[in-house]
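Under the working numbering, the first residue of the sequence shown carries the number 1, and numbering increases by one thereafter. What follows is one structure encoded as structure tokens, with my remarks underneath.
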Amino acid sequence: LEKEINDVQDQKNSSNKEREVLDKLNLQLNSYEEMFITHKQNKDYYNLCSNLLKDTGIKTKIIKRYLPVMNKHINQFLQQMDFFVNFTLSESFEETIKSRYRDDFSYSSFSEGEKSRIDISLMLTWRAVAKLKNSVDTNLLILDEIFDSSLDNTGTDELSFILRNFTSDVNLFIISHREHMIEKFDRVLKFNKVKNFSKMEELTNAMEV
1 LEKEINDVQD QKNSSNKERE VLDKLNLQLN SYEEMFITHK QNKDYYNLCS NLLKDTGIKT
61 KIIKRYLPVM NKHINQFLQQ MDFFVNFTLS ESFEETIKSR YRDDFSYSSF SEGEKSRIDI
121 SLMLTWRAVA KLKNSVDTNL LILDEIFDSS LDNTGTDELS FILRNFTSDV NLFIISHREH
181 MIEKFDRVLK FNKVKNFSKM EELTNAMEV
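Given below as structure tokens:
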């Protein structure tokens, strides 16, 4: 009888240990189920964002809305620089360029100076479109070495005219290594490196407005 009692007691102890193990496993299972739900929700959110940001998603609607405005501004800036072509961007941002005689051109077929005019027109267009919808408008425009590219003298003069005829609330800073451009600006700040430090001086022979 005593042996049977001991056997029952051992079985009871073993059962208690197994129950403890089972309880721990159930707690782990609950934790994993919660993690699964969280990861599934995140996966659904990421899939939604991925679909919205695809070329066929919300980006397409935004592009469709602003493409006419962009193409209009691009051609206006090109005409102001005496570059009379019809430049059109598609929804996939592929360009179609036609001359006044309806001849088709590609970007690579133009000279470096003509490419620069297209690049500048695109840059100014992006700024104009961004200004349409931004809740915060900036009055600062910084152009780095925009005159130091392949623009010819005519293109340089025409670009200078465009930049000088921005609205009066724009503070325009142009960084250039061309010293002969000094007379085209009302203020000129010159930086020289002296003993590994930059020293600034304002030149007084700039063009007066």
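Don't be surprised by glycine CBs; every beta carbon is placed ideally from N, CA and C. Values in this document were obtained by computation on a predicted structure and should not be read as measured data.
- Residue nearest to residue 132 within the set 174, 70, 83 is 70 (criterion: CA-CA distance).
- In the displayed model, residue 36 falls within a helix according to three-state DSSP.
- For residue 201, the CB contacts under 6 Å within the same chain, skipping 5 residues up- and downstream, are 190 in chain order.
- Three or more beta-carbon pairs separated by less than 8 Å link the segment 141-149 to the segment 167-184, which places the two stretches in contact.
- CA-to-CA, the gap between residue 182 and residue 66 works out to about 37 Å.
- DSSP, read as helix, strand or coil, puts residue 200 in strand.
- An exposed status is given to residue 99, since fewer than 16 other beta-carbon atoms sit within 10 Å of its beta-carbon.
- DSSP places residue 95 within a strand segment (E or B) once states are collapsed to three.
- With 16 or more other Cβ atoms inside 10 Å of its own Cβ, residue 184 counts as buried.
- Taking 8 Å as the upper bound for CB-CB distance, residue 77 and residue 125 are in contact here, some 7 Å apart.
- Apart from sequence neighbours up to five positions away, the residues of its chain that approach residue 203 with a beta-carbon distance below 7 Å are 182, 188, 190, ordered along the chain.
- Per DSSP, residue 138 lies in no alpha helix (DSSP H) and is assigned neither H nor E.
- If you draw a straight line from the Cα of residue 79 to the Cα of residue 128, it is about 16 Å long.
- With contacts defined as CB atoms closer than 8 Å, residue 87 and residue 95 qualify as a contacting pair.
- By the neighbour-count definition (other C-beta atoms within 10 Å, threshold 16), residue 74 is a buried residue.
- Between residue 109 and residue 155, the CB-CB gap reaches or exceeds 8 Å.
- With contacts defined by Cβ atoms closer than 8 Å, residue 177 and residue 148 form a contacting pair.
- Under the DSSP assignment, residue 190 falls in the beta strand (DSSP E) whose first and last residues are 188-194.
- If you ignore the 5 residues before and after residue 19, its C-beta comes within less than 7 Å of no other C-beta in its own chain.
- Counting along the chain, the unbroken alpha helix (DSSP H) around residue 161 starts and ends at 153-164.
- A straight-line Cα-Cα distance of about 10 Å links residue 26 and residue 32.
- As the crow flies, the alpha-carbon of residue 120 is around 21 Å from that of residue 104.
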